[in-house]
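**Student:** Provided herewith is a single structure, encoded as structure tokens, for subsequent inquiry.
There are 2 protein chains.
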Amino acid sequence: MTDARYERSRAAVFEAVCSVLVAEGFSGMSVDRLAAESGISRSTIYRNWPDMGALACEVFDELLHRDPIPMGSDPSAALHGYIADYARRLNNPTYTAVMVALIEGAARDEAFAEVHRRAFSQTSGRAAAIVRQAQQQGLIDSTRDIQQCVEDLMAPFLYRRLVTQVRITRVQVDDLHTELLERWA
Amino acid sequence: MTDARYERSRAAVFEAVCSVLVAEGFSGMSVDRLAAESGISRSTIYRNWPDMGALACEVFDELLHRDPIPMGSDPSAALHGYIADYARRLNNPTYTAVMVALIEGAARDEAFAEVHRRAFSQTSGRAAAIVRQAQQQGLIDSTRDIQQCVEDLMAPFLYRRLVTQVRITRVQVDDLHTELLERWA
Chain A
0 MTDARYERSR AAVFEAVCSV LVAEGFSGMS VDRLAAESGI SRSTIYRNWP
50 DMGALACEVF DELLHRDPIP MGSDPSAALH GYIADYARRL NNPTYTAVMV
100 ALIEGAARDE AFAEVHRRAF SQTSGRAAAI VRQAQQQGLI DSTRDIQQCV
150 EDLMAPFLYR RLVTQVRITR VQVDDLHTEL LERWA
Chain B
0 MTDARYERSR AAVFEAVCSV LVAEGFSGMS VDRLAAESGI SRSTIYRNWP
50 DMGALACEVF DELLHRDPIP MGSDPSAALH GYIADYARRL NNPTYTAVMV
100 ALIEGAARDE AFAEVHRRAF SQTSGRAAAI VRQAQQQGLI DSTRDIQQCV
150 EDLMAPFLYR RLVTQVRITR VQVDDLHTEL LERWA
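Below is the structure:
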């Protein structure tokens, strides 16, 4: 298969994975289902993505890193941008469905757990970089534990989307930004 | 079936639901699987729990309300007790597995979503009562939004268990209690 054909197949299969995960969760994922949904042949899917768990993880990885926002040098604006971007991702039903599938799989399957850890350590890696920059520039107390700050940043919206299941609003983004900077000063 | 026999069947089936959810998630739940796991006949399971989603929800409801801690009249101790109890529940792999199954199902299935909302509004109902009592006794600023306090209380440990997947320690319970009371004063 040429690179261009591979990329077209990959895009179609990834799209199909997202649809199936939103509609039925990970248990709905099978080569047959993805072939029907994507129009890509079963043999191509088997050859390139034999493992449904690994495929779900690959899609999640891509969703997580799609359209990264540039960080900028003003630490308050960088933090606001990060929170707004995180809210935007969580408000996307595909992102949330894939994330829940990954959390669910991670509890049972070591391969899922590994991608889950890697995916979230990358996400929190970006958040940690923003916190560190803000500490260096005196916006955040430099004795604050960075991992704790990352948790303070990520936990509220995750809870809101998974538990209370409401969309995150622009006002809530602004409020969290203000509240964290006060708390971390 | 006598009440006593029903209760024995119910206990065995509920136990089986927990095992299957921990081992395979909701997609592993079927009448056949539960019959094999519990030793209860397929016909008894069909008659009493025809709907796997409703059954998973019933089990979750029970887990959520098992061994409730008495609230007490000292608001700081009540808050600490609540946080410690929440950490204990989240540290239980069965509880977490059932919770994730419920979150996963709620995204797609209206019956799941309904039980999910009810389950979490009951949990947050207890938390809200503790916050309200603490406000009345002057421990928490009375202008604080109660639902926001509930989110502040529930979100960090949920994130820790689902995302970083580490056990919650006694020290973290104490730290969250101290941190929240400072923030809410």
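So the protein sequences, as listed, match chains A and B.
In terms of numbering that gives the first Met the number 0, the first sequence opens at residue 0 and continues consecutively.
In terms of numbering that gives the first Met the number 0, the second sequence opens at residue 0 and continues consecutively.
Just so you know, even glycine gets a beta-carbon here, dropped at the ideal spot from N, CA and C.
1. From which residue to which residue does the alpha helix (DSSP H) around residue 74 of chain A run?
2. Please tell me whether residue 81 of chain A has its Cβ less than 7 Å away from any Cβ of chain B.
3. Straight-line CA distance for residue 148 of chain A to residue 115 of chain B?
4. Could you name the residues of the same chain whose beta carbon sits closer than 6 Å to that of residue 101 of chain B, not counting the 5 residues immediately before and after it, in chain order?
5. Helix, strand or coil for residue 134 of chain B? Go by DSSP, reduced to three states.
6. Which value, in whole angstroms, describes the spacing of the CA atoms of residue 99 of chain A and residue 50 of chain B?
7. Is residue 164 of chain B helix, strand or coil when you go by DSSP?
8. Whose Cβ in chain A lies nearer than 8 Å to the Cβ of residue 158 of chain B?
9. Does the pairing of the segment 147-163 of chain B with the segment 82-95 of chain B give three or more beta-carbon distances under 8 Å?
10. For chain B, is any of its Cβ atoms less than 7 Å away from the one on residue 16 of chain A?
11. Could you compute how far the alpha carbon of residue 44 of chain A sits from the alpha carbon of residue 57 of chain B?
12. Which chain A residues sit within Cβ distance under 8 Å of residue 36 of chain B?
13. Among B:22, B:125, B:97, which has the Cα closest to the Cα of residue 109 of chain A?
14. Do you know how far the Cα of residue 71 of chain A is from the Cα of residue 129 of chain A?
15. Please report how far the alpha carbon of residue 42 of chain A lies from the alpha carbon of residue 96 of chain A, in whole angstroms.
16. Touching or not, the segment 167-175 of chain A and the segment 21-40 of chain B, by the rule of three or more beta carbon pairs under 8 Å?
17. If you draw a straight line from the alpha carbon of residue 81 of chain A to that of residue 134 of chain B, how long is it in whole angstroms?
18. Starting from the Cα of residue 146 of chain A, find the closest Cα among A:125, A:136, A:138, A:156 and give me that residue.
19. If I measure Cβ to Cβ from residue 34 of chain A and keep anything under 7 Å in the same chain, skipping five residues before and after, which residues do I get?
20. Strictly under 7 Å for the Cβ-Cβ distance: is residue 89 of chain A near chain B by that measure?
21. In whole angstroms, give me the CA-to-CA distance for residue 119 of chain A and residue 75 of chain B.
22. Does the beta-carbon of residue 34 of chain B, which I'm using as the reference point, lie nearer than 6 Å to any heavy atom of the ligand GTP?
23. Just tell me which of B:177, B:30, B:105 has its CA closest to the CA of residue 139 of chain B.
24. I'd like to know if residue 44 of chain B contacts chain A, where contact means its C-beta is closer than 7 Å to some C-beta of that chain.
25. Given a threshold of 16 other Cβ atoms within 10 Å of its Cβ, counted over all protein chains shown, does residue 64 of chain B qualify as buried or as exposed?
26. Could you tell me which chain A residues have their CB closer than 7 Å to the CB of residue 99 of chain B, listed as they occur along the chain?
27. Quick check on DSSP: helix, strand or coil for residue 139 of chain B?
28. Quick one: Cα of residue 11 of chain A to Cα of residue 103 of chain B, how far?
29. Just the C-alpha distance for residue 5 of chain B and residue 8 of chain A, rounded to the nearest angstrom, thanks.
30. Going along the segment 111-136 of chain B in order, which residues come within less than 7 Å of chain A, judged by CB to CB distance?
31. Do you know how far the Cα of residue 137 of chain A is from the Cα of residue 17 of chain B?
32. How would you label residue 123 of chain B, buried or exposed, when you count the other beta carbons within 10 angstroms and need 16 or more for buried?
33. Quick check for students: name the residue ranges of the alpha helix (DSSP H) that lie wholly in the segment 5-52 of chain A, counting only runs of 4 or more.
34. Check whether the Cβ atoms of residue 3 of chain A and residue 37 of chain A lie closer than 7 Å to each other.
35. Closest to residue 94 of chain A by C-alpha separation, out of A:132, A:55, A:113, would be which residue?
**Tutor:** This is what the structure gives:
1. Its alpha helix (DSSP H) spans residues 74-89.
2. Residue 81 of chain A does not count as touching chain B.
3. 29 Å
4. Within the same chain, residue 101 of chain B has close Cβ partners 59, 115.
5. helix
6. Taking the straight line joining both Cα atoms gives about 23 Å.
7. coil
8. Neighbours of residue 158 of chain B on chain A, chain order: 150, 153, 154, 157, 158.
9. yes
10. In terms of beta-carbon proximity, residue 16 of chain A stays away from the interface with chain B, with every pair separated by 7 Å or more.
11. 39 Å
12. By Cβ distance, chain A contributes nothing, its closest Cβ being about 16 Å from residue 36 of chain B, past 8 Å.
13. B:22
14. 10 Å
15. 27 Å
16. no
17. 33 Å
18. A:125
19. 40, 41, 44
20. Using a CB distance cut-off of 7 Å, residue 89 of chain A does not count as an interface residue toward chain B.
21. 34 Å
22. The model on display carries no ligand, and the ligand GTP is accordingly not part of it.
23. B:177
24. Interface flag for residue 44 of chain B against chain A is unset, since no Cβ pair is found closer than 7 Å.
25. exposed
26. 102, 103, 106
27. coil
28. 24 Å
29. 54 Å
30. 119
31. 49 Å
32. buried
33. 30-37, 41-47
34. no
35. A:55
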